[in-house]
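**Q** Numbering (UniProt numbering), first residue to last: 1 to 335. Backbone N, C-alpha and C fix where the C-beta goes; we use that ideal spot for every residue, glycine too. Sharing a structure with you now.
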Amino acid sequence: MNWLTNTILPKIRNIVGAKEAPDNLWQKCPGCSGMLFSKDLAENLNVCTHCGHHLKMPVEDRLKNLFDKGSFTRVKVPEVAADPLKFRDKKKYADRLKEAQIKTGERDGIMVGEGTMGDIPVVIAAFNFDFMGGSMGAGVGEGLVKAAETAIAKRAALIAIPASGGARMQEGMFSLMQMPRTTIAVQMVQDAGLPYFVLLTDPTTGGVSASFAMLGDIHISEPGAMIGFAGKRVIEETIREQLPPGFQTAEYLKEHGMVDMVTHRKDLRDTIIRLLDLLMRKDRAAKVSGTPVAAKPDLKPSGRGVFTADSFKAPKAKLKTPANEEKPAVKVVKK
């Protein structure tokens, strides 16, 4: 991009003025290397106008594009300990957090919103890849749990939109704990008889793909999204074999039954609304007619008791010993 930044951009600044020509005026498409005018790109939902490559989309723009106009309301996510391990590598984790917060204007890497899609109540939890690569730490896990609780309380569908490199290593076990925690959260939604959709975006990898991201009732993916656990190179070096073309792409996973559909970004909203209407029509019809809907299980969405350490304890097994082992009755036959 040297010719653009060193030659073209200064000429534009001379014509329209330096203040009217920001540094991000143009973007390069990762798919075809074509230059895209940022304003045109945003109007096209961050999809390349030349090759159709789906670039990463700002999380708030994504939510506003999915929700009915004027219905989007942010859900406040409870705060968690910022740096529980006081972790440090080349830089303090606390400093990395501050940098990400300044860069994105967000406290952590997830945004939760509630509203309607086609007049159907929906809660969406969307990852922010610009925040430390969308990595899942305690704050992100808390966001997923809050989204699940809100969906149950509002009798709304839950939609998760991951865009993540996996678990946040700087939080150690606190990060890994979010895998079973988010799994239990989405199971609560499904036990309540509510739809749980996952919109897989690029990338969905690591601990995120190994937990809630692949547990949806329906999995929809954007074209070309990378979806998997470990990277392609790591797998090839481990198994000493070359992987097939397109491995870990959305299209490959659809072909092998891991993804239900691959949908262009411009068609996502209409597709999701049609699916929600099919799955939630019974509840909606009951509300209109006044017929009471079937009683939902008492999951106590406002309480977090299901996430205590006791929830993960296995039941104690009674070991058989010579002292307590039941002996078979001996039948005495009289002659």
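Could you tell me the boundaries of the beta strand (DSSP E) in which P78 lies?
**A** Careful: P78 lies outside any beta strand (DSSP E) and carries neither H nor E.
**Q** Give the single residue among M258, K90 and Q190 whose Cα lies nearest to the Cα of Q170.
**A** Cα-wise, what sits closest to Q170 is K90.
**Q** DSSP puts Y196 in a beta bridge; with which residues?
**A** L158
**Q** Based on the DSSP secondary-structure assignment, which residues constitute the bridge partners of P121?
**A** T116
**Q** For T7, collect the residues of the same chain with a Cβ closer than 7 Å to its Cβ; drop the 5 residues on either side in sequence, then sort them by chain order.
**A** Excluding positions up to five away in sequence, the list is empty.
**Q** Opposite V47 in the DSSP bridges: which residues?
**A** Partner(s): H54.
**Q** Tell me F127's beta-bridge partners as DSSP assigns them.
**A** Answer by DSSP bridge pairing, in chain order: I110.
**Q** Here's the rule: buried if 16 or more other CB atoms are within 10 angstroms of the residue's CB, otherwise exposed. What is C48?
**A** The residue in question, C48, is buried, as its Cβ has 16 or more Cβ neighbours within 10 Å.
**Q** If you drop the 5 nearest sequence neighbours on each side, which residues of the same chain put their C-beta closer than 8 Å to that of N24?
**A** S38
**Q** What separation, rounded to the nearest whole angstrom, lies between the Cα atoms of L36 and M57?
**A** 14 Å
**Q** Here's the rule: buried if 16 or more other CB atoms are within 10 angstroms of the residue's CB, otherwise exposed. What is G228?
**A** Buried, because 16 or more other Cβ atoms sit within 10 Å of the Cβ of G228.
**Q** Is Q27 helix, strand or coil when you go by DSSP?
**A** strand
**Q** So E106 packs on F72, CB below 8 Å; how close in whole Å?
**A** About 16 Å separates the two Cβ atoms, so there is no contact after all.
**Q** On the DSSP letters alone, give me the boundaries of the alpha helix (DSSP H) that L97 sits inside.
**A** Y93 to T104
**Q** Could I get the ranges of all uninterrupted beta strand (DSSP E) runs contained in the stretch 202–260, with 3 residues as the minimum, in chain order?
**A** 218–221
**Q** By the three-class DSSP mapping on this structure, what secondary structure does L279 have?
**A** helix
**Q** Report the rounded CA-to-CA distance for T238 versus G231, giving the unit in angstroms.
**A** 11 Å
**Q** By Cβ distance, which residues of its chain are closer than 6 Å to G139, with the 5 residues on each side in sequence left out?
**A** Within the same chain, G139 has close Cβ partners V80 and D108.
**Q** Please classify R88 as buried or exposed, where buried requires at least 16 other C-beta atoms within 10 Å of its C-beta.
**A** exposed
**Q** Once you ignore the five residues that flank K254 on each side, which residues in its own chain have a CB closer than 8 Å to its CB?
**A** S221, D260, M261 and V262
**Q** Please work out which residues of its chain come closer than 6 Å, Cβ to Cβ, to L85, disregarding the five sequence neighbours upstream and downstream, and give them in chain order.
**A** Same-chain partners within the cutoff: G172.
**Q** Please confirm whether H54 and R269 have their CB atoms less than 8 Å apart.
**A** No. Outside cutoff.
**Q** From the DSSP output, which residues share a beta bridge with R168?
**A** BP columns for R168 are empty, so no partner.
**Q** With L66 as the anchor, note down where its alpha helix (DSSP H) starts and where it stops.
**A** V59 to L66
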